[in-house]
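Just so you know, the protein sequences line up as chains E and U, in that order.
Oh and the first sequence: position 90 is 774 in our numbering, straight run, nothing missing.
Oh and the second sequence: position 101 is 374 in our numbering, straight run, nothing missing.
All C-beta atoms in this analysis are idealised placements derived from N, C-alpha and C, irrespective of residue type, glycine included.
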Amino acid sequence: GQQLNQSPQSMFIQEGEDVSMNCTSSSIFNTWLWYKQDPGEGPVLLIALYKAGELTSNGRLTAQFGITRKDSFLNISASIPSDVGIYFCAGVFNDYKLSFGAGTTVTVRA
Amino acid sequence: DSGVTQTPKHLITATGQRVTLRCSPRSGDLSVYWYQQSLDQGLQFLIQYYNGEERAKGNILERFSAQQFPDLHSELNLSSLELGDSALYFCASSVSSIPENSPLHFGNGTRLTVT
């Protein structure tokens with residue numbers, strides 16, 4: 685299947701920090717999606733990106749669709765404790781299948 | 274609440290057995306997708322149905338099968354279960370048949386444990 689490389693694999697946040705994660709692929713994407721999964725629940729859509737270069741915000745979240753169509757990043761500004769969870773990037777290739785990255789686990793730093 | 278309902282929430286069964294997982298999509302959604310999430314594999318696409326017809330197939334084993342009924346609910350059947358089939362199984366739904374046009378909304382999953 686198609687490969688999405690998501691980094692970092694995990695990160696620790698301190699309340700108030702800005703954090704960033706990204707996703708890359710060797711193939712061109714038509715759509716990039718960012719999801720968040722809380723324990724015991726299914727992934728919830730955060731942001732959808734449909735055009736190369738597109739920059740979209742959803743509250744404290746900002747995501748961009750890379751110009752090359754092979755990458756995307758997600759920024760969380762002024763993080764709060766409820767930002768912990770697993771963040772997944774997902775992309776739709778020309779085969780119309782939605783593939784997911786391995787996820788970035790965000791934990792609060794003690 | 275995504276509007277996607279999955280039952281049961283938990284399922285524990287023995288190797289060699291067969292189970293059925295059920296999914297009701299959001300009202301108005303015609304597409305249903307099944308994903309498997311295990312610790313070392315992430316979210317793996319299994320299969321998609323659109324308005325009762327199979328639309329796309331992913332890494333679904335031959336021991337697994339699915340269908341979508343006229344009322345649009347879907348069932349995922351897993352047979353000859355092996356220990357490695359233990360995972361979270363998610364159903365997602367969307368309005369259109371093309372995920373790039375209408376993002377997927379996920380249910381809360383069925384946790385399958387094979388002992």
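Counting only residues of its own chain and dropping the five nearest sequence neighbours on each side, Lys720/E has a CB closer than 8 Å to the CB of Pro727, Val728, Leu730, Gly769, Ile770, Tyr771, Phe772. At a cut-off of 9 Å, the C-beta of Tyr771/E has no neighbouring C-beta in chain U. DSSP links Thr752/E through a beta bridge to no other residue. Straight-line spacing of the CA atoms in Tyr308/U and Leu349/U works out to 10 Å.
Distance from the CA of Pro281/U to the CA of Gly700/E, rounded to the nearest whole angstrom, comes to 39 Å. Across the set Leu782/E, Gly787/E, Phe777/E, the C-alpha of Gly787/E shows the shortest separation from the C-alpha of Phe757/E. Of the residues assessed, Thr715/E falls on the buried side of the cut-off, its CB having 16 or more other CB atoms within 10 angstroms.
Sorting Thr388/U, Gln321/U, Gly325/U by C-alpha distance to the C-alpha of Ile333/U places Gln321/U at the top. Against chain U, the beta carbon of Glu725/E has neighbours under 7 Å at Asn381, listed in chain order.
If you look at Val776/E, you'll find it in the beta strand (DSSP E) that goes 769-776.
Assignment of Gly357/U by DSSP, reduced to helix, strand and coil, places it in the helix class. Residue environment analysis places Gln310/U among the buried positions, since at least 16 neighbouring C-beta atoms fall within 10 angstroms of its C-beta. In the DSSP assignment, Ser741/E falls within the beta strand (DSSP E) that extends over 739-742. With distances taken between CA atoms, Gln290/U lies nearest to Arg336/U out of Val368/U, Arg336/U, Asp274/U.
At a Cβ-Cβ threshold of 9 Å, Gly380/U and Cys296/U count as neighbours.
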